[in-house]
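Numbering (the numbering used here), first residue to last: 65 to 254.
To keep things clear, I will list the structure first and then write my remarks on it.
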(Lines of atoms letter the chains of each structure in order from A and count residues from 1; the text may use other names and numbers.)
(Lines give C-alpha, C1' and ligand atoms only; values in the text may rest on other atoms or scores of the structure.)
Protein backbone atom coordinates (compact mmCIF):
# COMPACT_ATOMS: atom_id res chain seq x y z
CA UNK A 1 0.00 0.00 0.00
CA UNK A 2 1.37 3.40 -0.95
CA UNK A 3 0.69 6.84 0.43
CA UNK A 4 -2.64 8.71 0.04
CA UNK A 5 -4.58 5.54 -0.73
CA UNK A 6 -2.38 4.56 -3.67
CA UNK A 7 -1.81 0.82 -4.07
CA UNK A 8 1.58 -0.12 -5.55
CA UNK A 9 2.45 -3.79 -6.01
CA UNK A 10 5.81 -4.77 -4.55
CA UNK A 11 7.20 -5.61 -8.02
CA UNK A 12 6.11 -2.30 -9.58
CA UNK A 13 8.60 0.52 -10.07
CA UNK A 14 7.22 4.00 -9.45
CA UNK A 15 9.73 6.85 -9.55
CA UNK A 16 9.74 9.08 -6.48
CA UNK A 17 9.60 11.94 -9.02
CA UNK A 18 6.28 10.69 -10.46
CA UNK A 19 2.89 11.87 -9.20
CA UNK A 20 0.22 9.20 -8.65
CA UNK A 21 -3.30 10.22 -7.59
CA UNK A 22 -5.30 8.86 -4.69
CA UNK A 23 -7.13 5.61 -5.26
CA UNK A 24 -4.88 4.56 -8.13
CA UNK A 25 -3.69 0.95 -8.27
CA UNK A 26 -0.35 0.08 -9.89
CA UNK A 27 -0.05 -3.67 -10.38
CA UNK A 28 2.84 -6.09 -10.75
CA UNK A 29 5.76 -5.32 -13.04
CA UNK A 30 4.35 -1.90 -13.98
CA UNK A 31 6.78 1.02 -14.32
CA UNK A 32 5.99 4.72 -13.90
CA UNK A 33 8.97 6.92 -14.78
CA UNK A 34 10.15 10.28 -13.48
CA UNK A 35 7.95 13.28 -14.16
CA UNK A 36 4.94 11.15 -15.13
CA UNK A 37 1.59 12.26 -13.73
CA UNK A 38 -1.11 9.64 -13.17
CA UNK A 39 -4.52 10.82 -12.00
CA UNK A 40 -6.93 9.56 -9.33
CA UNK A 41 -8.68 6.19 -9.34
CA UNK A 42 -6.68 4.74 -12.24
CA UNK A 43 -5.73 1.12 -12.86
CA UNK A 44 -2.30 0.32 -14.28
CA UNK A 45 -2.40 -3.43 -14.90
CA UNK A 46 0.46 -5.92 -15.10
CA UNK A 47 3.49 -4.75 -17.03
CA UNK A 48 2.20 -1.28 -17.94
CA UNK A 49 4.94 1.19 -18.94
CA UNK A 50 4.40 4.93 -18.40
CA UNK A 51 7.37 6.86 -19.76
CA UNK A 52 8.90 10.02 -18.32
CA UNK A 53 6.65 13.07 -18.50
CA UNK A 54 3.52 11.21 -19.64
CA UNK A 55 0.22 12.62 -18.35
CA UNK A 56 -2.70 10.28 -17.51
CA UNK A 57 -6.06 11.70 -16.41
CA UNK A 58 -8.42 10.43 -13.71
CA UNK A 59 -10.27 7.08 -13.86
CA UNK A 60 -8.08 5.73 -16.69
CA UNK A 61 -7.70 1.98 -17.18
CA UNK A 62 -4.51 0.70 -18.78
CA UNK A 63 -4.69 -3.05 -19.39
CA UNK A 64 -1.77 -5.52 -19.30
CA UNK A 65 1.43 -4.55 -21.13
CA UNK A 66 0.25 -1.14 -22.38
CA UNK A 67 3.15 1.16 -23.31
CA UNK A 68 2.73 4.94 -23.16
CA UNK A 69 5.84 6.65 -24.48
CA UNK A 70 7.11 10.15 -23.70
CA UNK A 71 4.77 12.88 -24.91
CA UNK A 72 1.56 10.87 -24.46
CA UNK A 73 -1.38 12.74 -22.92
CA UNK A 74 -4.51 10.82 -21.87
CA UNK A 75 -7.70 12.52 -20.73
CA UNK A 76 -9.95 11.26 -17.97
CA UNK A 77 -11.98 8.10 -18.44
CA UNK A 78 -9.72 6.68 -21.17
CA UNK A 79 -9.43 2.91 -21.69
CA UNK A 80 -6.39 1.32 -23.37
CA UNK A 81 -6.61 -2.41 -24.10
CA UNK A 82 -3.88 -5.00 -23.50
CA UNK A 83 -0.64 -4.89 -25.48
CA UNK A 84 -1.40 -1.52 -27.07
CA UNK A 85 1.34 0.99 -27.72
CA UNK A 86 1.27 4.79 -28.10
CA UNK A 87 4.43 5.74 -30.00
CA UNK A 88 6.32 9.03 -30.06
CA UNK A 89 9.05 9.15 -32.72
CA UNK A 90 8.20 9.64 -36.41
CA UNK A 91 11.71 8.73 -37.56
CA UNK A 92 13.07 6.17 -35.10
CA UNK A 93 16.73 5.26 -35.37
CA UNK A 94 19.07 3.73 -32.81
CA UNK A 95 22.01 5.88 -33.94
CA UNK A 96 22.70 9.38 -35.22
CA UNK A 97 24.00 10.06 -38.75
CA UNK A 98 27.50 9.93 -37.26
CA UNK A 99 26.89 6.40 -35.99
CA UNK A 100 26.82 7.08 -32.25
CA UNK A 101 23.91 5.82 -30.14
CA UNK A 102 21.10 8.36 -29.93
CA UNK A 103 20.77 10.15 -26.62
CA UNK A 104 17.66 11.76 -25.15
CA UNK A 105 18.54 15.12 -26.76
CA UNK A 106 18.65 13.47 -30.21
CA UNK A 107 15.01 12.35 -30.16
CA UNK A 108 12.20 14.47 -31.57
CA UNK A 109 9.16 13.59 -29.48
CA UNK A 110 5.73 13.78 -31.10
CA UNK A 111 3.37 12.29 -28.54
CA UNK A 112 -0.11 10.86 -28.90
CA UNK A 113 -3.11 12.58 -27.30
CA UNK A 114 -6.22 10.67 -26.30
CA UNK A 115 -9.20 12.79 -25.29
CA UNK A 116 -11.73 12.17 -22.52
CA UNK A 117 -13.64 8.91 -22.59
CA UNK A 118 -11.94 7.43 -25.67
CA UNK A 119 -11.23 3.68 -25.88
CA UNK A 120 -8.37 1.91 -27.63
CA UNK A 121 -8.84 -1.82 -28.15
CA UNK A 122 -6.28 -4.51 -27.44
CA UNK A 123 -3.21 -4.91 -29.62
CA UNK A 124 -3.38 -1.43 -31.17
CA UNK A 125 -0.54 0.76 -32.31
CA UNK A 126 -1.04 4.53 -32.38
CA UNK A 127 1.57 6.41 -34.40
CA UNK A 128 3.32 9.57 -33.18
CA UNK A 129 1.44 12.86 -33.25
CA UNK A 130 -2.03 11.31 -33.60
CA UNK A 131 -4.99 12.79 -31.71
CA UNK A 132 -7.88 10.50 -30.72
CA UNK A 133 -11.05 12.49 -30.06
CA UNK A 134 -13.51 12.45 -27.16
CA UNK A 135 -15.41 9.16 -26.74
CA UNK A 136 -13.85 7.76 -29.93
CA UNK A 137 -13.29 4.02 -30.22
CA UNK A 138 -10.33 2.25 -31.84
CA UNK A 139 -11.06 -1.37 -32.77
CA UNK A 140 -8.75 -4.14 -31.56
CA UNK A 141 -5.58 -4.59 -33.60
CA UNK A 142 -5.88 -1.26 -35.41
CA UNK A 143 -2.86 0.75 -36.53
CA UNK A 144 -3.87 4.39 -36.16
CA UNK A 145 -1.95 6.59 -38.59
CA UNK A 146 -4.07 9.75 -38.47
CA UNK A 147 -6.39 11.68 -36.17
CA UNK A 148 -9.70 10.17 -35.06
CA UNK A 149 -12.67 12.55 -34.64
CA UNK A 150 -14.81 12.82 -31.52
CA UNK A 151 -17.05 9.72 -31.27
CA UNK A 152 -15.28 8.23 -34.32
CA UNK A 153 -15.09 4.45 -34.73
CA UNK A 154 -11.95 3.30 -36.53
CA UNK A 155 -10.78 -0.21 -37.43
CA UNK A 156 -8.07 -1.89 -39.49
CA UNK A 157 -4.53 -1.35 -40.69
CA UNK A 158 -4.31 1.45 -41.45
CA UNK A 159 -7.27 2.42 -39.29
CA UNK A 160 -10.18 3.88 -41.23
CA UNK A 161 -13.33 5.63 -40.04
CA UNK A 162 -16.33 3.26 -40.29
CA UNK A 163 -18.88 5.09 -38.15
CA UNK A 164 -19.51 6.82 -34.86
CA UNK A 165 -20.15 5.63 -31.31
CA UNK A 166 -22.15 6.87 -28.35
CA UNK A 167 -20.61 7.61 -24.96
CA UNK A 168 -21.94 4.18 -23.91
CA UNK A 169 -19.74 2.60 -26.61
CA UNK A 170 -22.48 1.42 -28.99
CA UNK A 171 -22.54 2.37 -32.65
CA UNK A 172 -24.68 5.37 -33.56
CA UNK A 173 -27.36 5.13 -36.23
CA UNK A 174 -27.25 7.46 -39.25
CA UNK A 175 -29.40 10.06 -37.45
CA UNK A 176 -27.00 10.12 -34.48
CA UNK A 177 -29.23 8.04 -32.18
CA UNK A 178 -27.88 5.21 -30.07
CA UNK A 179 -30.04 2.07 -30.40
CA UNK A 180 -28.76 0.85 -27.03
CA UNK A 181 -29.24 3.77 -24.64
CA UNK A 182 -31.43 6.07 -26.76
CA UNK A 183 -29.16 9.10 -26.50
CA UNK A 184 -29.00 11.25 -29.62
CA UNK A 185 -25.82 13.06 -30.54
CA UNK A 186 -27.13 16.48 -31.59
CA UNK A 187 -24.28 17.44 -33.86
CA UNK A 188 -22.77 14.51 -35.72
CA UNK A 189 -19.01 14.98 -36.06
CA UNK A 190 -17.77 16.06 -39.48
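The beta-carbon is built from N, C-alpha and C at its ideal position, and this holds for glycine as well.
Predicted model, so just to flag it, every value in this text is computed and none were measured.
Cutting at 6 Å between CB atoms, please list the residues of its own chain near residue 76, excluding the five before and the five after it. 90 and 94
Option nearest residue 198 by Cα separation, candidates 232, 174, 175 and 108: 232
Which runs of the beta strand (DSSP E), 3 residues or longer, sit entirely within the region 87 to 125? none
Give the single residue among 182, 99 and 110 whose Cα lies nearest to the Cα of residue 116. 99
Do residue 176 and residue 204 count as a contact pair if the criterion is CB distance below 7 Å? no
Within 10 Å of its beta-carbon, does residue 159 have 16 or more other beta-carbons around it, so buried, or fewer, so exposed? exposed
Which residues share a DSSP beta bridge with residue 195? 177
In terms of residue numbering, what span does the beta strand (DSSP E) encompassing residue 216 cover? Where residue 216 is concerned, the enclosing beta strand (DSSP E) starts and stops at 216 to 219.
Assuming residue 139 and residue 185 make a contact with CB atoms under 8 Å, what is their CB distance in whole Å? Residue 139 to residue 185, Cβ: 17 Å. No contact.
Residue 192 burial status per 10 Å Cβ neighbour count (16 or more: buried): buried
To which residues of the same chain is residue 110 closer than 6 Å at the C-beta, ignoring the five residues directly before and after it? 91, 92, 93 and 128
Tell me where the beta strand (DSSP E) around residue 225 begins and ends. 224 to 228
What is the DSSP secondary structure of residue 77, reduced to helix, strand or coil? Three-state result, residue 77: strand.
Helix, strand or coil at residue 164 [DSSP, three-state]: coil
Assigned secondary structure, residue 82 (DSSP; H/G/I helix, E/B strand, else coil): In the structure shown, residue 82 falls within a coil segment according to DSSP collapsed to helix, strand and coil.
Nearest to residue 86 by alpha carbon, out of 123, 190, 112 and 248? 123
Rounded to a whole number of angstroms, what is the C-alpha to C-alpha distance between residue 227 and residue 245? 17 Å
By the three-class DSSP mapping on this structure, what secondary structure does residue 68 have? Three-state DSSP puts residue 68 in a helix.
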